[in-house]
Amino acid sequence: MSDKPRKFKGGVHPSDSKALSASCAIQDAPLLDKYVVIMHQNIGAPPQLLVKKGDVVKKGQLLAKAGGFVSVPLHAPTSGTVSAIDKCPGPTGISVPAIHIDADGEDEWGSPFEPIANWQNCPAGELRQRVWDAGIVGMGGAGFPAHVKLSPPEGKEIDTLILNGAECEPYLTADHRLMLEQAEDVVLGAAILARILGLESAVIGIEENKPDAIAKLEEVAGKYHVRVQPLPVNYPQGAEKQLIYAITGREVPVGKLPMDVKCVVQNVASAVAVADAVVKGIPSIERVTTVTGRPVKTPGNWRFRIGTPIAKALELAGGITEQPAKLLLGGPMMGIAQSSLGVTVMKNTSGILLISSDEVSLYSSEPCIRCGRCVEVCPMSILPATISQAVENKRFDWAQELNVQACIECGSCSYVCPSHRPLNQHFKWAKVEIASKLRRRND
Amino acid sequence: MELKFIIISIISTGIIGVLLGVIIGVVAKAFAVEIDERIEKVEELLPGANCGGCGFAGCSAFAKAVVAEEAAPGQCPVCSGDDVANIASYLGIEAGQGEKMVALVRCSGDISNTVRSLYNGIRDCRSAVVVAGGAKGCDYGCLGFGSCANACPFGAIEMRDGLAVVHPELCVGCENCVATCPKNLIVMVPAAAEVHVYCNSPEKGAAKRQVCKTACIACRKCVKASGEEEHMLVDGFLVKTNYENPPSADLVEASACPTTALRVAGKHAANEYQGVSK
Chain A
1 MSDKPRKFKG GVHPSDSKAL SASCAIQDAP LLDKYVVIMH QNIGAPPQLL
51 VKKGDVVKKG QLLAKAGGFV SVPLHAPTSG TVSAIDKCPG PTGISVPAIH
101 IDADGEDEWG SPFEPIANWQ NCPAGELRQR VWDAGIVGMG GAGFPAHVKL
151 SPPEGKEIDT LILNGAECEP YLTADHRLML EQAEDVVLGA AILARILGLE
201 SAVIGIEENK PDAIAKLEEV AGKYHVRVQP LPVNYPQGAE KQLIYAITGR
251 EVPVGKLPMD VKCVVQNVAS AVAVADAVVK GIPSIERVTT VTGRPVKTPG
301 NWRFRIGTPI AKALELAGGI TEQPAKLLLG GPMMGIAQSS LGVTVMKNTS
351 GILLISSDEV SLYSSEPCIR CGRCVEVCPM SILPATISQA VENKRFDWAQ
401 ELNVQACIEC GSCSYVCPSH RPLNQHFKWA KVEIASKLRR RND
Chain B
1001 MELKFIIISI ISTGIIGVLL GVIIGVVAKA FAVEIDERIE KVEELLPGAN
1051 CGGCGFAGCS AFAKAVVAEE AAPGQCPVCS GDDVANIASY LGIEAGQGEK
1101 MVALVRCSGD ISNTVRSLYN GIRDCRSAVV VAGGAKGCDY GCLGFGSCAN
1151 ACPFGAIEMR DGLAVVHPEL CVGCENCVAT CPKNLIVMVP AAAEVHVYCN
1201 SPEKGAAKRQ VCKTACIACR KCVKASGEEE HMLVDGFLVK TNYENPPSAD
1251 LVEASACPTT ALRVAGKHAA NEYQGVSK
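For the protein sequence lines, the chains are A and B, in the order given.
When the count follows this note's numbering, it moves up by one through the first sequence with no breaks and lands on 443 for the last residue.
When the count follows this note's numbering, it moves up by one through the second sequence with no breaks and lands on 1278 for the last residue.
Shown next as structure tokens:
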């Protein structure tokens, strides 16, 4: 393994706008009187509800248990009463079931498990179970249950653990601040994850635009055989497959998982959550989220409880100075536009971003001029222009032949397209149509 | 000299032509494929829309099935009663005509009734539902980008102010629209039924009214107005027409639906309920 990272094919360089919040230290958000915990926060099966209306819960108490192996439990963000099991606006635009909790202000602990002080001697299985019990998901944005990645099936050997601290999305600085302020916890989390996988060491990949975080991590990394790997600034450097290539030179084949090239990637925030769960016995009930954007009065990074309404988060950031045109959960490249302030912070909400009206414009999509820029920037080496035409003509079979499933939805193609074609939406649509066709065939 | 060549070529071409003609004649007789002329005749009588509403690959495949008595002429949703009777009498079989069904879009929330946010993406319902759920406030209603209208081979679905409206007189019941709707809003109902509830949201009345002015709030006025007769059925927070025993068009007047979710299909198609909300 060389120290010089490889450059993956393609990618774009959007203005990163991280200066808005990069120097703002993480603040603990004050306790609210109401939290709305969205039930289904993870990729995979939704968890199964354990509480009912009127139940009194303690902070950290189990609200719902995992609904299968690819599923995680949910815990109460604070102590209080379950006031309702009702719908609330969901991140994808349709209402979703949620647990409404009226806080009692005591914030009294009722943790479902004890700290594991001597984790170095604890069996890997027990540590893995703890990661699951703590409800930890990929906190970079995907929300994939962390324990699943830590459970390679029989015969799959893992030789590299990569911690993803690239944070290549513009505007977001939550992971940056976390690595800077809690470098010890990041490294500790890395060491615990490495132990679960039976590895001696781990690599933390960070984009070079965060030199302070790199320096800080390098200071403490030696303690647990963790190596810090600075990476060139290139979006989407933090995409799993691109990160693996940059650090190990291995390419994950289409339709395969990082496991198939002996790698496991976890987000740095997830690593901190793992450290908290093991060493402090704290389940995943809070996360660091960046509240930013030009219309935000005082952008910054806050440690929010899961279930904090977006409206409250924006209030903490001083409110708005101008009417925003768009509200995104996540960064500007992959974030999802929201139509309601009632959506709440979830385990994978890395950012709350407001875009002002002069930064975003309404456009209509024009015909493809075959300039090939999308092909140049596509980090997955597919042909966005051709696939987009296939989808426009509802030729989903053709899109499938052109490997639309390999698309990681990074949005680089939409970003560079001079005809403003909704390429990313075309691909998301095609993937759904192809998946539903496969389901119909299997039925 | 030159005349001789001309005569020879005329004669030889003539002989070749006669020979080939004889060969073609013999081959046509010897290898003739027997076609049931009834299939051709039935296909002529069919509308030729190739909509697939009968469940076969097209009119030709359906004609073959009808002649083979694997399908009844009445299965063609496009044929009028007379067309079906013609085919049946020509073949001397039962018409087997079922009840005529038409599509019903169970939503009345046009863009003036239920708008939530600006949507600037691909104008196709199946695509909008993947990224942000479109521009409408209701999770259960018509998205308004016309995937069903595009799928209709008969132009029976009109997109009006972001709402799909079926024109029952044009709808032949081919069901092409039913599968395209990502919200599963479209159902087939008997054409004889005139009164429908144009709402599909199972939410509580108050929640529905927050997002849509013309939602069915299950106030049961229509249920009461139909008296002893069970014309309308209550299903949770939604009332549905009892298609086993449909009410007459008068019920809409009599029940004075406060949200105008209860509508007469013909009047809804003619846009007579515009902006009505009491």
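The beta-carbon is built from N, C-alpha and C at its ideal position, and this holds for glycine as well.
Within a Cβ cutoff of 6 Å, which residues of the same chain sit near residue i, ignoring the five residues on either side of it in sequence?
i: residue 174 of chain A; result: 288, 289, 290, 301, 350
i: residue 298 of chain A; result: 317, 318
i: residue 221 of chain A; result: 187, 228
i: residue 1141 of chain B; result: 1107, 1109
i: residue 201 of chain A; result: 225
i: residue 10 of chain A; result: 377, 378, 379
i: residue 83 of chain A; result: 100, 102
i: residue 438 of chain A; result: none
i: residue 1104 of chain B; result: 1187, 1189, 1196
i: residue 112 of chain A; result: 62
i: residue 945 of chain B; result: One cannot answer for residue 945 of chain B here, as it falls past the ends of chain B, which runs 1001 to 1278.
Below 7 Å on C-beta distance, what does residue i contact in chain B?
i: residue 432 of chain A; result: 1130
i: residue 419 of chain A; result: Those do not exist, as residue 419 of chain A stays about 14 Å from chain B at its closest Cβ, beyond 7 Å.
i: residue 337 of chain A; result: 1132
i: residue 422 of chain A; result: 1121, 1122
i: residue 425 of chain A; result: 1121, 1122, 1127, 1131
Against residue i, what residues of chain B qualify as contacts under a CB-to-CB distance less than 8 Å, listed in chain order?
i: residue 120 of chain A; result: Residues of chain B passing the Cβ test: none, with the nearest at roughly 46 Å.
i: residue 94 of chain A; result: 1133, 1139
i: residue 367 of chain A; result: Within chain B, no residue comes near residue 367 of chain A; the closest Cβ sits about 14 Å away, beyond 8 Å.
i: residue 323 of chain A; result: By Cβ distance, chain B contributes nothing, its closest Cβ being about 13 Å from residue 323 of chain A, past 8 Å.
For residue i, I'd like the list of residues in its chain whose CB is within less than 8 Å of its CB, leaving aside the five on either flank, ordered along the chain.
i: residue 434 of chain A; result: 396, 399, 400, 404, 405
i: residue 209 of chain A; result: 16, 18, 233
i: residue 444 of chain A; result: Chain A is shown only over 1 to 443; residue 444 of chain A falls outside these bounds and no answer can be derived.
i: residue 171 of chain A; result: 16, 17, 18, 20, 21, 290, 292, 293, 331, 332, 351, 353
i: residue 124 of chain A; result: 195, 196, 197, 198
i: residue 431 of chain A; result: 404, 405, 407
i: residue 1016 of chain B; result: none
Give me the Cα-Cα distance between residue i and residue j, rounded to the nearest whole angstrom.
i: residue 370 of chain A; j: residue 420 of chain A; result: 13 Å
i: residue 130 of chain A; j: residue 388 of chain A; result: 44 Å
i: residue 1250 of chain B; j: residue 60 of chain A; result: 59 Å
i: residue 122 of chain A; j: residue 196 of chain A; result: 10 Å
i: residue 1042 of chain B; j: residue 1051 of chain B; result: 16 Å
i: residue 1095 of chain B; j: residue 1055 of chain B; result: 17 Å
i: residue 66 of chain A; j: residue 1152 of chain B; result: 44 Å
i: residue 461 of chain A; j: residue 346 of chain A; result: Since the first and last residues shown for chain A are 1 and 443, residue 461 of chain A lies out of range.
i: residue 1063 of chain B; j: residue 257 of chain A; result: 51 Å
i: residue 426 of chain A; j: residue 240 of chain A; result: 22 Å
i: residue 14 of chain A; j: residue 167 of chain A; result: 13 Å
i: residue 88 of chain A; j: residue 307 of chain A; result: 11 Å
i: residue 1065 of chain B; j: residue 1100 of chain B; result: 21 Å
i: residue 444 of chain A; j: residue 357 of chain A; result: With chain A running from 1 to 443 in the structure shown, residue 444 of chain A is simply not present.
i: residue 1 of chain A; j: residue 140 of chain A; result: Note that residue 1 of chain A has pLDDT 43, beneath the 50 cutoff, so the model's placement of it is unreliable and the number below is only indicative. Rounded to whole angstroms, residue 1 of chain A to residue 140 of chain A spans 25 Å at the Cα level.
i: residue 1258 of chain B; j: residue 1219 of chain B; result: 9 Å
Using a Cβ-Cβ cut-off of 7 Å (strictly less than) and excluding sequence neighbours within five positions of residue i, which residues of its own chain qualify?
i: residue 375 of chain A; result: 383, 384, 385
i: residue 80 of chain A; result: 57, 101, 102, 103, 104
i: residue 5 of chain A; result: 229, 231, 232, 246, 247
i: residue 1124 of chain B; result: 1145, 1147
Name, please, each residue of chain A whose Cβ falls closer than 8 Å to the Cβ of residue i.
i: residue 1281 of chain B; result: Nothing about residue 1281 of chain B can be reported from this structure: the residues present for chain B run from 1001 to 1278 only.
So with CB distances below 9 Å, who are the chain B contacts of residue i?
i: residue 53 of chain A; result: The premise fails here: residue 53 of chain A is roughly 15 Å from chain B at the closest Cβ pair, so nothing lies under 9 Å.
i: residue 362 of chain A; result: 1118, 1120
i: residue 428 of chain A; result: 1127, 1130, 1131
Should residue i be listed as close to the ligand SAM, given that the test is whether its C-beta is under 8 Å from any heavy atom?
i: residue 334 of chain A; result: With respect to the ligand SAM, the structure offers nothing, as it holds no ligand at all.
Using a Cβ cut-off of 7 Å, which residues of the segment 1106-1129 of chain B contact any Cβ in chain A, in chain order? For the segment 1106-1129 of chain B, which is checked against every Cβ of chain A, the residues closer than 7 Å are 1116, 1117, 1120, 1121, 1122, 1126, 1127.
Continuous alpha helix (DSSP H) assignments of at least 4 residues falling wholly in the segment 188-270 of chain A: Whole alpha helix (DSSP H) segments, 4+ residues: 211-221, 240-248.
Suppose only complete runs of 4+ residues qualify. What are the alpha helix (DSSP H) ranges in the segment 1245-1276 of chain B, listed by chain order? Within the segment 1245-1276 of chain B, the runs of alpha helix (DSSP H) that reach at least 4 residues and sit entirely inside it are, in chain order, 1250-1255, 1265-1269.
Identify every run of the beta strand (DSSP E) within the segment 106-193 of chain A, keeping only runs that are complete inside it and at least 3 residues long; order them along the chain. As for any beta strand (DSSP E) of minimum length 3 sitting wholly inside the segment 106-193 of chain A, the runs are 160-165, ordered along the chain.
Which full runs of the alpha helix (DSSP H) of 4+ residues lie inside the segment 1154-1197 of chain B, going along the chain? Here the runs fully enclosed are 1176-1180.
Along the chain, which unbroken stretches of the beta strand (DSSP E) at least 3 residues long are found entirely within the segment 306-377 of chain A? Complete beta strand (DSSP E) runs here, min 3: 324-329, 351-356.
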